[in-house]
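Asks: Residue numbers (the working numbering): 11 to 180.
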Amino acid sequence: MATLMCQRFTPPRLGYPRRAPPRRPSVGAGLAGLRCAHQLWNRGKPVAATVYEADTTHLGGRCWSPRGFFDNGQVSEHGGAFISSTDTAILKLAATLGLKREYANGGALDTGDYVARINNSTYTGAQQQSDWDGDVYNAFSASYDAAGTARYNPGTSAPITATRSASTPR
Numbered sequence: 011m012a013t014l015m016c017q018r019f020t021p022p023r024l025g026y027p028r029r030a031p032p033r034r035p036s037v038g039a040g041l042a043g044l045r046c047a048h049q050l051w052n053r054g055k056p057v058a059a060t061v062y063e064a065d066t067t068h069l070g071g072r073c074w075s076p077r078g079f080f081d082n083g084q085v086s087e088h089g090g091a092f093i094s095s096t097d098t099a100i101l102k103l104a105a106t107l108g109l110k111r112e113y114a115n116g117g118a119l120d121t122g123d124y125v126a127r128i129n130n131s132t133y134t135g136a137q138q139q140s141d142w143d144g145d146v147y148n149a150f151s152a153s154y155d156a157a158g159t160a161r162y163n164p165g166t167s168a169p170i171t172a173t174r175s176a177s178t179p180r
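Dropping the structure here:
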């Protein structure tokens, strides 16, 4: 009889209580931090992420959409404004997120010189090109040639470098 009772007895489960699903931190609500949280959530087994951001005025980091600056409700882009038609990974992401594509091949927008504001002065596209062709390109080219391009070599876990060829376009 004692043997029969022992077989029917189920000891209480010992161990830790069930844990909540893990959460991962994502530091920064810029494009990289938001994309990281998005990727974690859309995996085969979703992982929730908590996104931490210091700037409380907007999400997106250096990329954001100023509204109310132009007439007729036109929205401009600050930061990543254009997606190249050859950038298939970004185009696929945009489609996944349900974003509408707008083709910026002139359209009805005014044409003119590209300008920037630096130290409250106008810096025209012609001035920028002149500076680039003069001193800036040579400085970038020299530093690029001196440093090379760091690339990771997975076979040795050591960086490898590749230098720019003479045929690299200016």
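Heads up, the beta-carbon is just placed ideally off N, CA and C, and yes, glycines get one too. Keep in mind that this is a model prediction, so the values were computed, not measured.
1) Counting only runs of 3+ residues fully inside the segment 85–150, write out the beta strand (DSSP E) ranges in chain order.
2) Please report the straight-line C-alpha distance between G83 and T67, rounded to a whole angstrom.
3) Give a yes or no on whether the C-beta atoms belonging to R29 and V57 are separated by under 7 Å.
4) Assign A126 to buried or exposed, taking buried as 16 or more other Cβ atoms, counted over all protein chains shown, within 10 Å of its Cβ.
5) Looking at the unbroken alpha helix (DSSP H) that takes in A47, where does it start and where does it end?
6) Tell me the residue span of the beta strand (DSSP E) that contains R29.
7) Just verifying my parser: in three-state terms, what is the DSSP assignment at S153?
8) Closest to V61 by C-alpha separation, out of R77, G43, Y154, would be which residue?
Replies: On the basis of the supplied data:
1) Note on the segment 85–150: whole beta strand (DSSP E) runs with a minimum of 3 residues are 125–128, 131–134, in chain order.
2) Using only the alpha carbons, I get a separation of about 20 Å.
3) No, they are not a contact pair.
4) A126 is exposed by the Cβ-count criterion.
5) That run of the alpha helix (DSSP H) goes 41–51.
6) In this chain, R29 is not harboured by any beta strand (DSSP E), its DSSP state being neither H nor E.
7) Three-state result, S153: helix.
8) For the set R77, G43, Y154, the Cα lying nearest the Cα of V61 is the one of G43.
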